[in-house]
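Residue numbering for the sequence shown is 23 to 215, as defined by this note's numbering.
Backbone N, C-alpha and C fix where the C-beta goes; we use that ideal spot for every residue, glycine too.
As the structure is a prediction and not an experimental result, all values here were calculated from the model.
What follows is one structure encoded as structure tokens, with my remarks underneath.
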Amino acid sequence: MKLVFATNNMHKLTEVSAMLNADISLLSLKDIGCTEDIPETADTLEGNALLKARFVKQKYGYDCFADDTGLEVEALAGAPGVFSARYAGEGHDSEANMSKLLSEMEGTTNRKARFRTVVALALGEEEHLFEGIVGGHILYERRGMAGFGYDPLFVPDGYSQTFAELAGGLKNSISHRALAVSKLAEFLSTLRK
Ligand code: IMP
């Protein structure tokens with residue numbers, strides 16, 4: 023079965039490919055010759071993931087899935103959420119995003135937050151959504167060098183290290199993205215039974 027993952031992030035592609043059954047041949051946007059910027063104009067993670075998956079399905083004819091992730095902070099009413107990548111502006115600058123988050127949370131003792139990933143699958147005439155959530159809290163300062171995005175500020179529940187401190191592939195195996203993709207993998211495996 024050929025399936026497009028609507029991403030050009032090779033790191034994500036390798037990680038996700040390892041979680042799917044070997045009989046799925048996973049293609050990137052580059053593999054299908056899609057070089058245009060796919061609009062991400064929805065105001066929810068679900069909306070953006072669906073926009074991307076539908077775009078590929080409708081324009082290129084391939085079954086496709088797409089992901090969208092946000093950091094949702096309880097004391098900020100779910101912000102930065104769908105705007106996580108561009109919280110501090112269109113530069114998609116992680117350092118600036120973390121600085122903005124710390125300043126918005128200054129004086130806030132409720133540090134509860136969660137990462138939420140939504141995967142949308144456009145398969146034939148059907149659409150399906152899969153969600154992965156990891157709860158945790160936001161520190162008062164950065165810790166750790168690994169990972170990306172808000173990782174140095176986020177401590178997942180059940181751990182004392184931040185995502186940026188967790189050794190090796192541990193973060194990738196417990197992450198919000200891994201949870202959503204494992205639900206997708208389970209769904210795809212039921213199609214073959
Ligand atoms: P995307 O939907 O995977 O592109 O994620 C949107 C934004 O959320 C990224 O630009 C990061 O700022 C943030 N983000 C997503 N996943 C993670 C993660 O695993 N750790 C830290 N930040 C993340």
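In the DSSP output, what is residue i paired with across the bridge?
i    : result
K134 : H159
K24  : S47
C86  : V26 and A144
P178 : G158
F150 : Sequence inspection shows His at residue 150; the Phe mentioned does not correspond to that position. In DSSP, H150 forms a bridge with L143.
Look at residue i and residue j and say whether their C-beta atoms are less than 8 Å apart.
i    : j    : result
V203 : V38  : yes
G169 : K193 : yes
L51  : A75  : no
L49  : K81  : no
R138 : T91  : yes
V156 : D89  : no
L73  : E62  : yes
F87  : L35  : no
F152 : L206 : yes
V104 : L67  : yes
A200 : M41  : yes
F77  : I60  : yes
P102 : L123 : yes
S116 : G171 : yes
Buried or exposed: residue i, going by 16 or more other Cβ atoms within 10 Å of its Cβ?
i    : result
T131 : exposed
E94  : buried
A189 : exposed
F176 : buried
S197 : buried
Y109 : buried
G158 : buried
M127 : buried
D173 : buried
M120 : buried
N43  : exposed
A186 : buried
A22  : Because the chain in this structure spans residues 23 to 215, residue 22 falls outside the shown range and cannot be described.
N30  : exposed
S106 : buried
Taking Cβ positions only, does residue i come closer than 8 Å to chain C?
i    : result
D173 : No chain C appears in this structure, which consists of one protein chain only.
Practice item. Just jot down, in chain order, the residues whose CB lies closer than 5 Å to any heavy atom of ligand 1. Key: Any heavy atom of ligand 1 within less than 5 Å of a residue's beta carbon puts that residue on the list, which reads D90, T91, S106, A107, G171, Y172 and D173.
**Study point:** Segments assigned alpha helix (DSSP H), at least 4 residues, entirely inside the region 60–105
**Key:** With a minimum length of 4 residues, the unbroken runs of alpha helix (DSSP H) contained wholly in the region 60–105 fall at 67–82.
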